[in-house]
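Q: Structure below; questions to follow.
Number of protein chains: 2
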Amino acid sequence: MTTQSIKDAALILFAEHGYNGTSLSHIAAETGLKKQSLYSHFASKDDLFLQVLEETFAAELRDREQYVNDRFSEPLDEFLLGALRGMTGRFGHDARMKFWLRVSFFPPAHLYDQVMEYVYRYIDGVDALYLKRFEQAAALGEVTRQNPETATLAFSALIDSICVELVYGGEERTERKLQAAWAVFWAGL
Amino acid sequence: MTTQSIKDAALILFAEHGYNGTSLSHIAAETGLKKQSLYSHFASKDDLFLQVLEETFAAELRDREQYVNDRFSEPLDEFLLGALRGMTGRFGHDARMKFWLRVSFFPPAHLYDQVMEYVYRYIDGVDALYLKRFEQAAALGEVTRQNPETATLAFSALIDSICVELVYGGEERTERKLQAAWAVFWAGL
DNA sequence: CAATTCCTTACGAACGGTCGTCAGGCAAAG
DNA sequence: CTTTGCCTGACGACCGTTCGTAAGGAATTG
């Protein structure tokens, strides 16, 4: 469907150049249309953006839920490291993740509230997933020095730092920092 | 000097709305000039931006050097926590920090290489400062489980995560996450 | 079957606006 | 008299958006 291919192109361009840096002409050209034709499918640029936003955040959260469900019973360190590697492995190839990162960090000013609603809902959703795993780890005595809530927040911060490194760009930088941060995190649990 | 007041206004606006979101009209209006008059002081928008960029990053690095020199002999935990609090306390009020964060994360595409040069130089400079402190801590036996290089990178990652939280916005969110991340980090050193 | 109506999709043309930039002039200062 | 700082005016390019229109298919009608 044309509507979907417009959204696909918009996702990639928004991810790469941001909201203001992406014009309807670019999106239309990428889809093989003229910019006016986009208005047969979307009411406005904001409408298109918000639809892409909603679907992207929903898909991201769905992916995390799937990961946690699939590998819940793995050893804690493999489970957590796998989650981190799942991020480093995706950035660079995955436009959906780039879109999610860029929009989360710097949403278009006039849509700030609507974007942040999705952002917070996503983060809270992901944290809730990891909290369950940390609660089981505490029950099994795998983690003793930190309570599950603290562990979850610290792990959430570790994820944040990886996002930063990914955005900053360097791949071997990300790898070095991830290993060091993980070593200290794991030793501190 | 007018030139300086233009740069001051530009710093604030670039920090708040980014490169593409800031027009020369805005900058000029904030300075009490017409946009065309800016060309008496700067060759182009890029020229103005790059000058602000250079001075901001240089000033940021200078501040960090000053902090480290002033408080090098404090206990390690106070020294590190003070550095973190120095960030959380500044964001929201300090346009220079906002500019530094925003430009670092999403530089204007056509100036990507030049911006990233400053970004990497800044991060390497800051890491080198903290590395010295961790080396002393290792020599004094304050830190035994991690070597200075690993500790430095992990602390650098902790700083990254704080940057993310600051950008995300929530103040009590940042505080909760900072406390948890710090607890695990400090326990893992 | 053919003819008609309607809806969807896409397009060309044009709108008002804003952008960064350039040229020229005018007043004040050295 | 020259230089400097700021002004007005204008430029071409691009922005998001609107309008009228034309093609095509589906559905309805005779």
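Chains A and B are the protein sequences, given in the same order.
Note that the first sequence covers residues -9 to 179 in my numbering.
Note that the second sequence covers residues -9 to 179 in my numbering.
No residue lacks a Cβ here, since even glycine has one placed at the ideal position from N, Cα and C.
Is it true that the stretch 60 to 76 of chain B meets the stretch 160 to 177 of chain A, where meeting means three or more beta-carbon pairs spaced less than 8 Å apart?
A: They do not touch, by the three-pair rule.
Q: If contact means a Cβ-Cβ distance below 8 Å, which residues of the stretch 68 to 94 of chain A contact chain B?
A: Residues Arg92, Ser94.
Q: Less than 7 Å between CB atoms is the rule here; does lysine 122/A satisfy it with respect to chain B?
A: The residue you call residue 122/A lines up with position 132 of the first sequence. No - not a single Cβ of chain B is within 7 Å of the one on lysine 122/A.
Q: DSSP three-state label for phenylalanine 69/A, please.
A: Mapped onto the first sequence, residue 69/A falls at position 79. DSSP places phenylalanine 69/A in helix when its eight states are reduced to three.
Q: Give the single residue among Ser151/A, Phe145/A, Gln(-6)/A whose Cα lies nearest to the Cα of alanine 147/B.
A: Counting from 1 along the second sequence, the entry for residue 147/B is found at position 157. Out of Ser151/A, Phe145/A, Gln(-6)/A, Ser151/A has the C-alpha closest to the C-alpha of alanine 147/B.
Q: Is the CB-CB distance between threonine 142/B and tyrosine 120/B below 7 Å?
A: Counting from 1 along the second sequence, the entry for residue 142/B is found at position 152. Counting from 1 along the second sequence, the entry for residue 120/B is found at position 130. In contact: threonine 142/B and tyrosine 120/B (Cβ atoms closer than 7 Å).
Q: Please state whether DSSP places valine 133/B in a helix, a strand or coil.
A: Translated into the one-based positions of the second sequence, residue 133/B becomes position 143. Of the three classes helix, strand and coil, the one that applies to valine 133/B here is coil, per DSSP.
Q: If you compare alpha carbons, which of Glu55/B, Lys88/B, Thr(-8)/B, Gly82/B is closest to leucine 1/B?
A: Residue mapping note: residue 1/B aligns to position 11 of the second sequence, counting from 1. Per the Cα distances, Lys88/B.
Q: Do the stretch 49 to 58 of chain A and the stretch 27 to 37 of chain A meet, that is, are 3 or more Cβ pairs less than 8 Å apart?
A: With the cut-off at 8 Å, the stretch 49 to 58 of chain A and the stretch 27 to 37 of chain A do not touch.
Q: Does the stretch 124 to 133 of chain B come within contact of the stretch 124 to 139 of chain A, defined as at least 3 CB pairs closer than 8 Å?
A: Taking 8 Å as the limit for Cβ pairs, the verdict is that the stretch 124 to 139 of chain A does not touch the stretch 124 to 133 of chain B.
Q: Would you say lysine 167/A reaches chain B, if we count a Cβ-Cβ gap shorter than 7 Å as a contact?
A: Within the first sequence, numbered from 1, the residue matching residue 167/A stands at position 177. So, interface residue.
Q: Are the C-beta of threonine 12/B and some C-beta of chain A separated by less than 7 Å?
A: Walking along the second sequence from the start, residue 12/B turns up at place 22. Closer than 7 Å: no.
Q: Can you give me the C-alpha to C-alpha distance between threonine -7/A and glutamate 44/A, rounded to a whole angstrom?
A: Here residue -7/A is taken as the residue at index 3 of the first sequence, counted from 1. Here residue 44/A is taken as the residue at index 54 of the first sequence, counted from 1. Going by the C-alpha atoms only, they are around 15 Å apart.
Q: Quick check on arginine 92/B: buried or exposed, where buried means 16 or more other Cβ atoms within 10 Å of its Cβ?
A: Counting from 1 along the second sequence, the entry for residue 92/B is found at position 102. Arginine 92/B is buried by the Cβ-count criterion.
Q: Please list the partners that leucine 179/A has in chain B, where partner means a Cβ-to-Cβ separation under 7 Å.
A: As a working note, residue 179/A is residue 189 in the first sequence. Result: Val174.
Q: Take the Cβ of glutamine 136/B as the centre, count every other Cβ of all protein chains shown within 10 Å, and call the residue buried at 16 or more, exposed below.
A: As a working note, residue 136/B is residue 146 in the second sequence. It counts as buried.
Q: Applying a beta-carbon distance threshold of less than 7 Å, which residues of chain B neighbour histidine 7/A?
A: For the purposes of this step, residue 7/A is taken as residue 17 along the first sequence, with counting starting at 1. Within 7 Å Cβ-Cβ: Ala99.
Q: Given a threshold of 16 other Cβ atoms within 10 Å of its Cβ, counted over all protein chains shown, does alanine 99/A qualify as buried or as exposed?
A: Your numbering for residue 99/A matches position 109 in the first sequence. Its Cβ having fewer than 16 others within 10 Å, alanine 99/A is exposed.
Q: Since isoleucine -4/B and leucine 28/B are thought to touch, with beta carbons under 8 Å apart, how far apart are those beta carbons, to the nearest angstrom?
A: Counting from 1 along the second sequence, the entry for residue -4/B is found at position 6. Counting from 1 along the second sequence, the entry for residue 28/B is found at position 38. Yes, isoleucine -4/B and leucine 28/B are in contact; Cβ-Cβ is about 6 Å, under 8 Å.
Q: Does any residue of chain A bring its CB to less than 7 Å from the CB of leucine 156/B?
A: Translated into positions along the second sequence, residue 156/B becomes position 166. It does not: the Cβ of leucine 156/B has no partner Cβ on chain A nearer than 7 Å.
Q: Pick from Arg86/B, Tyr9/B, Gly160/B, Asn10/B: whose alpha carbon is nearest that of aspartate 114/A?
A: Within the first sequence, numbered from 1, the residue matching residue 114/A stands at position 124. When each option's Cα is compared against that of aspartate 114/A, the closest is Gly160/B.
Q: Please confirm if threonine 140/A has its CB atom under 7 Å from at least one CB of chain B.
A: Here residue 140/A refers to the residue found at position 150 of the first sequence. Chain B, which has a Cβ nearer than 7 Å to the Cβ of threonine 140/A, makes this yes.
Q: Within 7 Å (strictly less), CB to CB, does phenylalanine 62/B reach chain A?
A: Walking along the second sequence from the start, residue 62/B turns up at place 72. Judged by the 7 Å Cβ criterion, phenylalanine 62/B is not in contact with chain A.
Q: Out of curiosity, what's the CA-to-CA distance linking glutamate 107/B and valine 154/A?
A: As a first step, residue 107/B must be located in the second sequence, where it is residue number 117. As a first step, residue 154/A must be located in the first sequence, where it is residue number 164. C-alpha separation (whole angstroms): 16 Å.
Q: Should serine -5/A be flagged as near chain B, meaning a C-beta pair shorter than 7 Å?
A: Start at 1 with the first residue of the first sequence, and residue -5/A comes out as number 5. No, its Cβ sits nowhere closer than 7 Å to a Cβ of chain B.
Q: Hey, could you find the ends of the alpha helix (DSSP H) alanine 48/A is sitting in?
A: By 1-based counting over the first sequence, the position of residue 48/A is 58. Start and end: 35 to 60.
Q: Report buried or exposed for serine 13/A, applying the criterion of at least 16 other Cβ atoms within 10 angstroms of its Cβ.
A: Taking the first sequence and counting its residues from 1, the one referred to as residue 13/A is at position 23. Exposed.
Q: Drop a sphere of 10 angstroms on the beta-carbon of tyrosine 9/B, count the other beta-carbons inside from all chains shown, and report buried for 16 or more, exposed for fewer.
A: As a first step, residue 9/B is located in the second sequence; it is residue number 19 there, counting from the start. By the neighbour-count rule (16 or more Cβ atoms within 10 Å), tyrosine 9/B is buried.
Q: DSSP state of histidine 31/A, grouped into three classes?
A: On the first sequence, residue 31/A is found 41 positions in, with the first residue counted as 1. In the structure shown, histidine 31/A sits in coil (DSSP, three-state: anything other than H, G, I, E or B).
Q: Using a Cβ-Cβ cutoff of 7 Å, what residues of the stretch 112 to 137 of chain A are near chain B? List them in chain order.
A: Residues Arg135, Gln136.
Q: Quick one: Cα of alanine 144/A to Cα of glutamine 26/B, how far?
A: Here residue 144/A corresponds to residue number 154 of the first sequence, with the count starting at 1. Here residue 26/B corresponds to residue number 36 of the second sequence, with the count starting at 1. About 50 Å.
Q: Starting from the beta carbon of aspartate 103/A, find every residue of chain B whose beta carbon is closer than 9 Å, and list them in chain order.
A: Counting from 1 along the first sequence, the entry for residue 103/A is found at position 113. The premise fails here: aspartate 103/A is roughly 11 Å from chain B at the closest Cβ pair, so nothing lies under 9 Å.
Q: Among His16/B, Asp36/B, Glu20/B, Ile149/B, which one has its Cα closest to the Cα of methionine 77/B?
A: The residue labelled residue 77/B in the question sits at position 87 within the second sequence. The candidate whose alpha carbon is nearest that of methionine 77/B is Ile149/B.
Q: Spell out whether any CB of chain A is found under 7 Å from the CB atom of alanine 147/B.
A: Translated into positions along the second sequence, residue 147/B becomes position 157. Yes - at least one Cβ of chain A is within 7 Å of the one on alanine 147/B.
Q: I want to verify the contact list: residues of chain B whose CB lies under 8 Å from the CB of valine 109/A, in sequence order.
A: In the first sequence, counting from the first residue as 1, residue 109/A sits at position 119. Residues of chain B passing the Cβ test: Tyr158.
Q: Taking C-beta pairs closer than 8 Å, name the residues in chain A that alanine 19/B reaches, listed in chain order.
A: What you label residue 19/B is simply residue 29 of the second sequence in a count that begins at 1. Within chain A, no residue comes near alanine 19/B; the closest Cβ sits about 17 Å away, beyond 8 Å.
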